[in-house]
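Heads up: the sequence shown begins at 1 in the UniProt record's numbering, then just goes up one per residue. We put the CB at the ideal spot given by N, CA and C, even for glycine. Note that this is a predicted model, so its numbers are computed, not measured. Scroll down for the structure; my scribbles are underneath it.
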Amino acid sequence: MNILSVSNLSKVYTSGSRKLTVLDEVTFDIKSGEIISIVGPSGSGKTTLLGLCAGLDSGSTGSVVLDGNSLEKLSEDQRAAVRNQSVGFIFQNFQLLPTLTALENVMVPLELKKRKDARKKAQELLDKVGLGNRGTHYPTQLSGGEQQRVSIARAFANEPKILFADEPTGNLDTETGEMIEKLIFDLNKEEGTTLVLVTHDLELAAKTQRIIHIKGGKIQEEAHA
Ligand code: ADP
């Protein structure tokens, strides 16, 4: 079963009279439980593609069917509901809420799901990423690697069917990168979560089952890793 089907997806940004085609007729499917990577040069459209697949933004033309939902037919609120139900997202720059502590950041998706045990569950997730003793810290009081781990705990809190991660190991030292890689791959092993990783790290890409190469907004090739 496909958890994600992308068909003829294009994204055009307009600035004044200039048009920039960032994604150009992209088509691919991802089966439930698969692990795939999207690689390509900087500016090739990877982050834009990930955002469209996750329903964070909408395409100009074409379609994205995510967990049975045709995203282009939904309002922004309906897309948010699909995200809350099915998606985990790890952002390149973490996007933690600066006014909330680490624990409170992880609690956000749990409270949206009205989980009564939100605090307990969030603490368990911080323990899982090795930050059980950092719950009261604010994002500015954490290192980059620690912020990334909080953002992973927040993504896991959603119990996602599909996890999108934008350069999850970028800008991190090797040891922290390996820890984060293991956390993400274990989620697939333990829960069967589909993984879609944008990365420039070819070693990481080689550990995934399929690699989609993108350049200038077009898929250049799809290869088995
Ligand atoms: P990558 O992740 O591969 O580095 P991006 O998807 O971030 O590429 O960006 C692809 C292109 O789209 C870049 O040229 C970028 O400047 C442009 N772009 C991204 N977001 C916007 C936006 N909101 N408005 C205009 N152009 C954008």
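Backbone secondary structure at residue i - three-state DSSP
i                 : result
asparagine 171    : coil
serine 86         : helix
leucine 9         : strand
arginine 18       : strand
phenylalanine 164 : strand
threonine 176     : helix
leucine 142       : coil
asparagine 2      : strand
Cβ neighbour criterion (16 or more within 10 Å) applied to residue i
i              : result
leucine 195    : buried
glutamate 175  : exposed
glutamine 141  : exposed
alanine 205    : buried
threonine 193  : buried
aspartate 67   : buried
aspartate 166  : buried
glycine 16     : exposed
asparagine 133 : exposed
leucine 20     : exposed
leucine 163    : buried
threonine 169  : buried
glutamine 78   : exposed
aspartate 1    : First, the amino acid is wrong: residue 1 is methionine here, not aspartate. Looking at its Cβ environment, which holds fewer than 16 other Cβ atoms inside 10 Å, methionine 1 is exposed.
proline 160    : buried
asparagine 158 : buried
serine 44      : buried
threonine 99   : exposed
proline 109    : buried
leucine 52     : buried
residue 232    : Lying before the first or after the last residue shown, residue 232 is absent from the chain, which here runs from 1 to 225.
leucine 202    : exposed
leucine 183    : buried
threonine 101  : buried
Heavy atom of ligand 1 within 7 Å of residue i beta-carbon
i            : result
tyrosine 138 : no
lysine 215   : no
leucine 20   : yes
glycine 40   : yes
threonine 47 : yes
serine 58    : no
serine 10    : no
serine 5     : no
glycine 145  : no
serine 63    : no
serine 37    : no
serine 44    : yes
aspartate 17 : The identity of residue 17 in the sequence shown is serine, whereas the question assumes aspartate. Checking every heavy atom of ligand 1 against the Cβ of serine 17, none is found closer than 7 Å.
- Message: In chain order, what are the residue ranges of uninterrupted beta strand (DSSP E) at least 3 long that sit wholly in the segment 198-222?
- Response: Here the runs fully enclosed are 210-215.
- Note down, one range per segment and in chain order, each alpha helix (DSSP H) of at least 4 residues found wholly within the segment 18-73. Secondary structure remark: continuous alpha helix (DSSP H) runs of at least 4 residues inside the segment 18-73, in chain order: 46-53.
- Secondary structure, beta strand (DSSP E): runs of 3+ residues fully inside the segment 97-140: Entirely contained in the segment 97-140, not one beta strand (DSSP E) run reaches 3 residues.
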